[in-house]
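Colleague:
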């Protein structure tokens, strides 16, 4: 069993980047607390903590749009997670496959 | 000019996911405040806000490992950014190309 406590040294929530394994597309970012990270590791599907609803959230439990985990990595200073998944249906509640659909125009 | 204020409704910092455009590899996550987001948009290179040093941070200014922006997207609820870049050298201060090199083993 891994020591999950190291991911909560800076606070009670850690951001988790969700990336589609087959395409490399970044689908969403959500937050995990200790309990949701533990459930994610136990079940192999993503669980998050909703900051607005203040409750655990099993991604796809209502919509069926679950995320089956392929791999998980922590970053160099243990304050962000990268989770590669097999996404069923759309990741975004808007129906978009990815949540990142609002392009920002700049000078680049 | 885009309205950047909408990205700071929940707080003074917004997480920015940095993804390598050519490979799809997620390189790092860092935080932007209003000033660093404005400088990022103005210059076409990433600027962050360091929570530990409490200062603006032009990624690569010291190491030369700059990130030239290819595209930027906001997510569905305007509280996360996804930035695709051309990465010079390694993104991680450890010398790893990506910060996400610590694999987490689970039952999946």
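Residue numbers (the numbering used here), protein chains in the order written: chain A, 1 to 108; chain B, 109 to 216.
C-beta: ideal position from N, C-alpha, C; glycine also.
(1) Which class does residue 71/A belong to by DSSP, given the choice of helix, strand or coil?
(2) Taking the alpha helix (DSSP H) that residue 39/A belongs to, which residues open and close that run?
(3) Which residues mark the beginning and the end of the beta strand (DSSP E) in which residue 104/A is found?
(4) Starting from residue 20/A, trace the beta strand (DSSP E) both ways and give me its first and last residue.
(5) What residues are listed by DSSP as bridge partners for residue 30/A?
(6) According to DSSP, which residues form a beta bridge with residue 156/B?
(7) 8 angstroms is my cut-off, CB to CB: does residue 18/A come that close to chain B?
(8) Using three-state DSSP, classify residue 117/B as helix, strand or coil.
(9) With H, G and I counted as helix, E and B as strand and the rest as coil, what does DSSP make of residue 193/B?
(10) Thinking C-beta only, is residue 92/A closer than 8 angstroms to residue 32/A?
(11) Pull up the distance between the alpha-carbon of residue 124/B and that of residue 144/B, whole angstroms please.
(12) Taking the straight line between their C-alpha atoms, what separation do you get for residue 187/B and residue 87/A?
Modeller: Reading off the structure:
(1) Three-state result, residue 71/A: strand.
(2) Annotation for residue 39/A: the continuous alpha helix (DSSP H) segment containing it runs 34-43.
(3) 102-104 is the extent of the beta strand (DSSP E) around residue 104/A.
(4) Start and end: 14-20.
(5) When DSSP reads this structure, residue 30/A sits in a beta bridge with 16/A.
(6) Residue 156/B is bridged to 165/B.
(7) No, no contact with chain B.
(8) Coil at residue 117/B, not helix or strand.
(9) DSSP places residue 193/B in strand when its eight states are reduced to three.
(10) No; because the gap between Cβ atoms is not below 8 angstroms, this pair is not in contact.
(11) Distance between the alpha carbons of residue 124/B and residue 144/B is about 11 angstroms.
(12) Roughly 22 angstroms separates the two Cα atoms.
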